[in-house]
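Residue numbers (our numbering): 719 to 1128. A virtual CB, placed ideally from N, CA and C, is assigned to each residue, including glycine. Since we're looking at a predicted model, the values are computed, not measured.
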C-alpha cells in the first residue's frame, strides 16, 4: 500500500506541477511590449462542464472596435493590428528563421519600433524590416526584397529598418503602409487585435475591466497573456499542456483511489484470526475498525508525503518500520505482550477450521452476554470476562486436522 500510494502521489504531483505551469506560465510579449492591454476575439469555444477547446484560426474583430476602445476612460491611444503571413525570398530560396508577419505601419506603436535608418513606408511598394530580419537577409535601405504573400511573389523597396524595444525571438516583422496591409489581409472591415496604450496613472487590470464592460464580446489580455494574441501557437500549447495534465492527473487520482481502497482488504483477510482473537478478548468492533483505519492513515500519509517530495528517497526500510509498528499494535491488542516487545510475530498459526476460529469467539461472546441479560446481571455480568476468556481458550485448541498434520509431519 505504501508503494502504491507513493507512486500515485508522485505522478499526481508531477501532473499538478505541469498543470500549474500551463496555467501560470507564458511568453513575454514582443510586438505588444508597450501595450498595457491587448484586445482580441475569443479564441476558445465555450463548452459547459469541460475544458474550452481553442481555435486554430484567429478570430477577427470589427474595425469599429478600435474607436470603441479608444473612447474608454484611461486609454491614451488604441491601434488596430492585422497580421499577414509572409515569406522572404533570398536568392530564390526561402529565408530561414522565425515566421515573418506583415503589418500596417501604425501597428508599430505598441512595440514600439523606432526607425534606425530610412523612412516609414509611404508607397504601396515600400516596406520597413525589423533590424534582425534585415541583418539575416543582408538588406539595407534602398535594397529590393521579394516577399511572398499567399502564392504571389512581389518585389518591394526597403524604405527603412526599424529597431524594436523588445527583441523579436518568435517572429519577424515587415511593415507596409496601412492601405497595402489591408489589401493583403483580404478581409475589409476586420482586424486581428487592438493594442491599447494606457494613460499615465492607469493600471492594466483596471483598464482591462473597463474595456470589457464598455465593449462587450471582446477578450482582454494583460501581462504575458498578450503573447497569446501575437502568436496563436503560444496559447494553443498552453491549453494543450493544461488539458493533458488535467486528464492524466484525474486518471491517476481514480487509479490511486481504486488501488488504495482495495489494498487493505487482502491484509484484513489474512489477519482474520487475529481480529477474531481481539473480539474474543473483549475488543469492540469500533476498536478493531479504528486500528485498521489508523494503520491505513499512517501508511497512506507517509506514502503521499514520499510521493509529493520527488527528491526524497522512499527507502524500503522505512516501509518495513511502518509495517512493523502496525503489527506490533495488533499483537499488543491481542494480548501477546511478549511478542510485541520482542518485535517478533505472534504465534497465530491456524489451529482448526476457519469457521471455528473466526466465528466461534464472536458466537460465544454473544451467547454469554445474552445469558447474563436473562439472569438479570449482577454476579453473572462479573463472570462475563472469564467466560470470554474460556471461549478464546477453546478457539485456540488444536482441531483434528491440525493434530493429524502434526502426526504426519513427525
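message = Mapping the DSSP letters down to three states, classify residue 757 as helix, strand or coil.
response = strand
task = Please name the residue, chosen from 828, 757, 786, 849, that lies closest to residue 751 on a Cα-to-Cα basis.
result = 828
Length of the line joining the Cα atoms of residue 1201 and residue 855 = Limits of the chain in this structure are 719 at one end and 1128 at the other, which puts residue 1201 out of reach.
query = At a cut of 8 angstroms, does the region 756-774 reach the region 988-1001 through at least three beta carbon pairs?
reply = no
message = For residue 1037 and residue 720, I'd like the C-alpha separation in whole angstroms.
response = Confidence in residue 1037 is poor, its pLDDT being 34 and thus under 50, which makes the residue's placement unreliable; the coordinate value appears in the next sentence. Near 7 angstroms, if we compare the C-alpha coordinates of residue 720 and residue 1037.
message = How far does the beta strand (DSSP E) with residue 836 in it extend, from its first residue to its last?
response = 831-836
query = Under the rule that 16 or more other beta-carbon atoms within 10 Å means buried, what is residue 728, buried or exposed?
reply = buried
query = Are residue 846 and residue 878 closer than 8 angstroms when you measure CB to CB?
reply = yes
inquiry  = Within the continuous beta strand (DSSP E) that includes residue 794, where are the two ends?
reply    = 793-799
Per-residue DSSP class, three states only, for residue 888 = coil
request  = Grab the span of the alpha helix (DSSP H) containing residue 731 for me, first residue to last.
outcome  = 720-742
inquiry  = So for residue 943, helix, strand or coil by DSSP?
reply    = helix
Coarse secondary structure for residue 1079, derived from DSSP in three states = Bear in mind that the predicted position of residue 1079 carries a pLDDT of just 46, short of 50, making it unreliable; the figure below should be weighed with that in mind. It is helical.
ask   = Just to confirm, are residue 822 and residue 892 a CB contact at a threshold of 8 angstroms?
value = no
key: Where residue 930 sits in the DSSP three-state scheme   = helix
ask   = Touching or not, the region 734-751 and the region 958-967, by the rule of three or more beta carbon pairs under 8 angstroms?
value = yes
message = I'd like to check one pair, residue 959 with residue 773: are the Cβ atoms closer than 8 angstroms?
response = no
message = Just checking: is the beta-carbon of residue 830 within a distance shorter than 8 angstroms of some beta-carbon in chain E?
response = Among the chains of the structure shown, chain E does not appear; only one protein chain is present.
task = State buried or exposed for residue 1166, treating a residue as buried only when at least 16 other CB atoms are found within 10 Å of its CB.
result = Nothing in the structure corresponds to residue 1166, since the chain is present only between 719 and 1128.
query = Where does residue 724 land, buried or exposed, given buried means 16+ other C-beta within 10 angstroms?
reply = buried
Identity of the residues DSSP links to residue 881 by a beta bridge = 832
key: Contact under 8 angstroms by Cβ, residue 936 with residue 757   = yes
ask   = What residues match up with residue 811 in a beta bridge as DSSP calls it?
value = 808
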